[in-house]
Amino acid sequence: MPGALVLGRGADYDPARQGAANAMREDRMKLQNMPPGAIDWPREPETVQAGETGTARQRARTLGDIQLRVVDYGAGYLADHWCGKGHILFVVSGGLVIEHQDGNRYPLSAGMSWHAGEGEGAPHRVISKDGARALIID
Numbered sequence: 048m049p050g051a052l053v054l055g056r057g058a059d060y061d062p063a064r065q066g067a068a069n070a071m072r073e074d075r076m077k078l079q080n081m082p083p084g085a086i087d088w089p090r091e092p093e094t095v096q097a098g099e100t101g102t103a104r105q106r107a108r109t110l111g112d113i114q115l116r117v118v119d120y121g122a123g124y125l126a127d128h129w130c131g132k133g134h135i136l137f138v139v140s141g142g143l144v145i146e147h148q149d150g151n152r153y154p155l156s157a158g159m160s161w162h163a164g165e166g167e168g169a170p171h172r173v174i175s176k177d178g179a180r181a182l183i184i185d
């Protein structure tokens, strides 16, 4: 199919290296205590978090040792705290900036992700000028 994106098949794709990487996955994060299921996000209870400016609305579900969240950041949102927790964040729509306390900034738009390990790197916070929706795993 012309123009189709085949994941994992870029110019630097090496099947041997990929096989070795998959073999090492056993030492990585374990998703346990999480029976198969689906989440109907609109039915999950919504909580509202006031930021330094603006608000964020979130729906969350804890599965085993992880939490899944869908967060809607309102326009003009600036988190009211710096966070040192580990997260994987995927921007579903809109745009936001992850700002680190050391001055590093990661502008993210729909389709982009950002990640940080627990206690790794400088604390961070979210800024959203025009609003965004994100899926966060922590």
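The sequence shown: position 43 = 90 (the numbering used here), numbered continuously.
Here a beta-carbon is modelled for each residue, glycine too, at the ideal position from N, C-alpha and C.
- An exposed status is given to residue 99, since fewer than 16 other beta-carbon atoms sit within 10 Å of its beta-carbon.
- Per DSSP, the unbroken beta strand (DSSP E) holding residue 115 starts and ends at 113-120.
- For the set 78, 109, 83, the Cα lying nearest the Cα of residue 92 is the one of 109.
- Taking a 10 Å sphere around the C-beta of residue 116, we find 16 or more other C-beta atoms and assign the residue as buried.
- Within 10 angstroms of the beta-carbon of residue 160 lie fewer than 16 other beta-carbons, which makes it exposed.
- Ranked by Cα distance from residue 134, the first of 167, 102, 185 is 185.
- Note that the C-beta distance between residue 169 and residue 143 is not below 7 angstroms.
- Ranked by how close their Cα comes to the Cα of residue 137, the residues 127, 125, 153 have 153 in first place.
- The beta carbon of residue 156 sits closer than 7 angstroms to those of 138, 142, all from its chain and outside the five residues before and after it, given in chain order.
- Its chain contains 93, 95, 119 as the residues whose beta carbon lies nearer than 6 angstroms to that of residue 104, once the 5 sequence neighbours on both sides are disregarded; these appear in chain order.
- Of the other Cβ atoms in all chains shown, fewer than 16 fall within 10 Å of the Cβ of residue 140; this residue is therefore exposed.
- According to DSSP, residue 171 shares a beta bridge with 130, 147.
- Residues of the same chain with a CB within less than 6 angstroms of the CB of residue 129, apart from the 5 flanking positions on each side, are 148, 170, 172 in chain order.
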